[in-house]
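**Q** I'd like to ask you about the structure that follows.
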Ligand code: ADP
Ligand code: MG
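The structure is reproduced here in C-alpha cells:
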C-alpha cells in the first residue's frame, strides 16, 4: 500500500514470533481466549473512562460494549472485533511491536527450550499467539483521539502501519483479522469457536457474539419454478410475505418447505458475574474455571483454595480470593520493587483497576481474585478512589479472610499435625485430594508467610501459626509451632532453633550435641530470610524463641555449673586475656556441649554467625 509505513519488530518480539510461528505446540486454541481477553480489557478501559465522561462512548452502535466474531470461510478469515478503547497509531507501534513488560525475555528463553506456551497470557505477550494459527494478521483500530489505522504483519520481522482508507469505518474499537493457515481451518467452524468460548471465555463480562448460521424451514409456493438450490443463504433476499388473506383463501396455493441458511448474531457466553452469586450455588468446577480465566493460568491445576464472601456493615463488598496452585516465576524477584497486587477492583460490577496496592499487603500479592464494592463511588478518578477511606476497611477484612483461607488448607489436609487424630479423615485420606496440600502451599508460598511475619505486626501470631519448618524431630517432614509445643519437654520454657545454610550442615553443628542428647527439639531455619524473620518473631504462645548458637541458652537448672565456673575461673580469665577483648566479649563455662570441647557463641543481641555470612555475601 502506498501510504504504508514500515517498522521492524523489537528483536525480542521477533524472536518470540519466530518461536510461535514455527511452534509444533499442539494446543493452538489459546489464541482465541487471548484475543477475547484483550477485547475485554479494551472494553473495560472505555467503560471506565465513560464513568467520568459519558461523551467518550459516542452514540448509536458505538455505545454497545460487545465483542463480535465473524468467519469468512471462502477467504479463510477469522475476525474478532470489539468496541473498546481502540489504539492510536502510536499505541499500535508501541503495543504490537515492542515488549515493555519485564520477565518477557525469561519467557522467550523458556520457550526456546520447550516451555509451556499455554502461559503466554501471564507474560503480557498474548497477542502474538495469533501466529499459532495465522500467517498474516491485520489489526484495524480506531481510537477516539486518532484516525483509523491498519497494522499488518506476516511475522517476517517487520510490520506496516497505514491510515485506513479502504475498510468500513469502525466508529471506535479494534478488529483483528486472522488470515488462517491451512492447518488451522478448524477455526472456521462455528462449533469449534462456540466450544472454545464456552471453555475459556465464559466469564468475560461483555457479551461475545458469533455471526452464526441457522438452518430454518421456509415455506415457498410450490407452483413456482422448482428451486433445488437448498444452500441459499440470507444474502439472497428473504421470501416475500405471503399474499393477503383474501388472496390466500381464494387461491389456496400449494406450498412446500425448504431449508434455508440465515445468519444472525448469537451470544456465546452468559456473562454471569460469579462473585454476585450465592457461594452455595457455585460449583467447584465453576470456581476452577473462573480462576483459570481470571489468573490467565490455564495449566491443568486447580487453585489450592478459594474464599468467596460478602462483607456487610459500613463498607459492603463481595470478594473472591484464590490461592494459585503455583507461584508465578517472578513472585519474589520483583517483591520489593513491584507494587502490583493481583486483585481486581470492581465497583458495582464495573471494572476499575487491577493496580490498586491498597487492597492487599505486599506479602499477599500471590493471591488472585477480585473485590466488588457497593460503597466506593463510581464517578471519581482512580487517584481519588485510591485514597478512599473504605479501602482501609476492605483491606483489613481481606487480610483476615485470606489468612483464614490459608489456614483452612492446613485444617483440611489429613497430613497436617492437628488433623492426625481425626480418624474420619484418616480413613478417607487415601482418596483425599486435600492430602499434602498444605505442604504444597508451603513450598510455593512459604516465603510470603515469612515476609508477612516480618511486615505485619498486627497479624504476626496468625501468620506464625501458618509457619512450617524442619527440625531435629520432624523426620524429614514439615512441622508447625503447635506441633513443636506439643512435643516440648516438661519444664522446657523456650522454643529452640538454629540458623544456617542447610539442614545437613546444621545437623553436624556442635551446638546441637547436648540438646539432642537431652532430647530437646531444635528447629532448623535454613532460608536467608529466616534470619530476618527471627528478629521479628520473638515469641509464640508465651514461649520465647532461643537461638541455640547464641549466648543465654538455658537448659533447666544445673547445680554443678556454679561450682565448675568457680574452679575454672583462672582458666577462663587467662583465655579472655589471651584472646583480648577485640576478639571475644567473654569466655564462659557452659553446659551446652557434649563432645566438642569449646565453641564460639554470638552474643544474645548480635548477629548470628549465619547472619554475618549473609550480610557479607550481600556486600560483596
Ligand atoms: P497484555 O494483554 O497482557 O497487555 P497482549 O500481548 O495480549 O498483552 O496485548 C498487548 C497490548 O496490545 C495490550 O496491552 C493493549 O494495549 C494492546 N491491545 C491488544 N489488543 C487490543 C484491543 N483489542 N484493543 C485495544 N488494545 C489492544
Ligand atoms: Mg492480552
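In this note's numbering, the protein residues as written are 1124 to 1743. All C-beta atoms, glycine included, are put in the ideal place defined by N, C-alpha and C.
Kindly provide the ranges of any beta strand (DSSP E) runs that are 3 or more residues long and lie completely inside the region 1225 to 1310, ordered along the chain.
**A** Fully enclosed beta strand (DSSP E) runs of 3 or longer: 1257 to 1265, 1271 to 1276, 1281 to 1286, 1296 to 1303.
**Q** Is the CB-CB distance between residue 1331 and residue 1392 below 8 Å?
**A** In this structure, residue 1392 lies closer than 8 Å to residue 1331 by Cβ.
**Q** With DSSP run on the structure shown, which of helix, strand or coil describes residue 1206?
**A** Residue 1206: coil per DSSP, three-state reduction.
**Q** Run through the region 1406 to 1438 for me and flag every whole alpha helix (DSSP H) of 4 or more residues, listed as ranges in chain order.
**A** Here the runs fully enclosed are 1407 to 1418.
**Q** Report the rounded CA-to-CA distance for residue 1181 versus residue 1168, giving the unit in angstroms.
**A** Rounded to the nearest angstrom, the two C-alpha atoms are 15 Å apart.
**Q** Is the region 1658 to 1671 touching the region 1604 to 1611 in the sense that three or more CB pairs, one from each, lie closer than 8 Å?
**A** The region 1604 to 1611, when compared against the region 1658 to 1671, does touch it at the 8 Å Cβ threshold.
**Q** Can you tell me the Cα-Cα spacing of residue 1724 and residue 1675, whole angstroms?
**A** Between residue 1724 and residue 1675, the C-alpha separation is close to 10 Å.
**Q** Would you mind sorting residue 1150 into buried or exposed? The rule is 16 or more other CB atoms within 10 Å of its CB.
**A** Exposed, since its Cβ has fewer than 16 Cβ neighbours within 10 Å.
**Q** Give a yes or no on whether the C-beta atoms belonging to residue 1517 and residue 1440 are separated by under 8 Å.
**A** Cβ distance < 8 Å, so residue 1517 and residue 1440 count as in contact.
**Q** Under a three-way DSSP split, which group does residue 1442 fall into?
**A** DSSP places residue 1442 in strand when its eight states are reduced to three.
**Q** DSSP on residue 1510, reduced to helix/strand/coil?
**A** Residue 1510 falls in the coil class under three-state DSSP.
**Q** Taking residue 1142 as the reference, which of 1221, 1559, 1252, 1630 has the closest Cα?
**A** Cα-wise, what sits closest to residue 1142 is 1252.
**Q** Could you spell out the range, first to last residue, of the beta strand (DSSP E) harbouring residue 1386?
**A** Run containing residue 1386: 1378 to 1390, per the beta strand (DSSP E) assignment.
**Q** Assign residue 1134 to one of three DSSP states: helix, strand, or coil.
**A** Helix, per DSSP.
**Q** From the DSSP secondary-structure annotation, give me the bridge partner or partners of residue 1200.
**A** Beta-bridge pairing links residue 1200 to 1195, 1302.
**Q** On the three-state DSSP scale, how would you describe residue 1148?
**A** Residue 1148: coil per DSSP, three-state reduction.
**Q** Under 8 Å, do residue 1275 and residue 1282 count as touching if we go by C-beta distance?
**A** Yes, Cβ-Cβ distance for residue 1275 and residue 1282 is below 8 Å.
**Q** Reducing DSSP to helix, strand and coil, say where residue 1492 ends up.
**A** Looking at residue 1492 - three-state DSSP - the assignment turns out to be strand.
**Q** Going by DSSP in three states, residue 1357 sits in which element: helix, strand or coil?
**A** With a pLDDT of only 48 at residue 1357, under the threshold of 50, the placement of this residue in the model should not be trusted; the figure read from the coordinates follows. DSSP places residue 1357 in coil when its eight states are reduced to three.
**Q** Less than 7 Å between the CB of residue 1746 and some heavy atom of the ligand MG, yes or no?
**A** No statement about residue 1746 is possible, as the shown extent of the chain runs from 1124 to 1743 and does not include it.
**Q** Suppose the cutoff is 6 Å on Cβ atoms and the five residues either side in sequence are ignored; what does the same chain contact list for residue 1390 look like?
**A** Excluding sequence neighbours, residue 1390 sits near 1330, 1332.
**Q** Within this structure, are the beta carbons of residue 1247 and residue 1136 separated by less than 8 Å?
**A** For residue 1247 and residue 1136, no; Cβs fall outside 8 Å.
**Q** Per DSSP, which one or two residues make a beta bridge with residue 1335?
**A** Per DSSP, 1387.
**Q** Tell me which residue opens and which closes the alpha helix (DSSP H) that residue 1621 is part of.
**A** First-last for residue 1621: 1617 to 1622, but that is the beta strand (DSSP E), not the alpha helix (DSSP H).
**Q** Can you tell me the Cβ-Cβ gap for residue 1244 and residue 1160, rounded? I've got them flagged as a contact below 8 Å.
**A** Between residue 1160 and residue 1244 the Cβ distance is about 7 Å, and since that is below 8 Å, they are a contact.
**Q** Using a threshold of 7 Å, is the CB atom of residue 1244 nearer than that to any non-hydrogen atom of the ligand MG?
**A** Yes, since a heavy atom of the ligand MG falls inside the 7 Å radius drawn around the Cβ of residue 1244.
**Q** Does the structure place the region 1470 to 1489 close enough to the region 1500 to 1517 that three or more beta carbon pairs sit under 8 Å?
**A** Counting Cβ pairs under 8 Å, three or more are found: they touch.
**Q** Starting from the Cα of residue 1618, find the closest Cα among 1678, 1214, 1737 and give me that residue.
**A** Closest by alpha carbon: 1678.
**Q** Taking the alpha-carbon positions, what's the residue 1741 to residue 1125 distance?
**A** Going by the C-alpha atoms only, they are around 58 Å apart.
**Q** Suppose you measure from the CA of residue 1427 to the CA of residue 1528; what does that come to, to the nearest Å?
**A** Going from the Cα of residue 1427 to the Cα of residue 1528 covers about 10 Å.
**Q** Rounding to the nearest angstrom, what Cα-Cα distance links residue 1386 and residue 1214 in this structure?
**A** Straight-line Cα distance between these residues: approximately 34 Å.
**Q** Which residue or residues does DSSP assign as beta-bridge partners of residue 1190?
**A** Residue 1190 is bridged to 1205, 1331.
**Q** Return the first residue and the last residue of the alpha helix (DSSP H) that residue 1174 is part of.
**A** Run containing residue 1174: 1153 to 1175, per the alpha helix (DSSP H) assignment.
**Q** Using CA coordinates, which residue listed in 1688, 1166, 1201 is at the minimum distance from residue 1714?
**A** It is 1688.
**Q** Let me know the secondary structure DSSP gives residue 1719 once reduced to three states.
**A** Correct three-state label for residue 1719: coil.
**Q** For residue 1224, I'd like the list of residues in its chain whose CB is within less than 6 Å of its CB, leaving aside the five on either flank, ordered along the chain.
**A** Around residue 1224: 1247.
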